[in-house]
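Q:
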Amino acid sequence: MKLYEYWLGLYPLDWEFCFMPVQTYKNFITEQYHKNPTFYNISAGSIEKVLAHIDVILSAAMEDWNNTTNHAALRCPPMIFPLPKGQDSNTA
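Just so you know, we're using the numbering used here here: the sequence shown kicks off at -13 and counts up by one.
1. Under the three-state reduction of DSSP, which class applies to Pro7: helix, strand or coil?
2. So, Lys12 versus Leu44, is the Cβ gap smaller than 7 Å?
3. Does the structure place the stretch 6 to 25 close enough to the stretch 52 to 67 that three or more beta carbon pairs sit under 8 Å?
4. In the DSSP output, what is Ile94 paired with across the bridge?
5. Can you tell me whether Ile15 is buried or exposed, with buried defined as 16 or more other CB within 10 angstroms of its CB?
6. In terms of residue numbering, what span does the alpha helix (DSSP H) encompassing Leu44 cover?
7. Just to confirm, are Tyr19 and Ile33 a CB contact at a threshold of 7 Å?
8. If you run the structure through DSSP and keep just helix, strand and coil, what is Asn13?
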């Protein structure tokens, strides 16, 4: 599994975004990880490493949000989107 961080920029128009709350996504990838831990250990490392990476990104985003909005409240929980692989497998 490859993790990419994308910061401000334009995305190709054919990308489909599937937003979900961060915790929902973390639960989903944890379930997927436990279905084939050998594969994911080789490709991404431990699930704890992956979840910690997501937490670091979320912390940076929330810090930026608080700095730019003077601690305004969010209207919904922080959201995340998995990027599609670019294949016909319908996976991200």
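We put the CB at the ideal spot given by N, CA and C, even for glycine.
A: Straight from the coordinates:
1. strand
2. no
3. yes
4. Outside the modelled stretch of the chain, which goes from -13 to 78, sits residue 94, for which no answer is possible.
5. buried
6. 33 to 55
7. yes
8. helix
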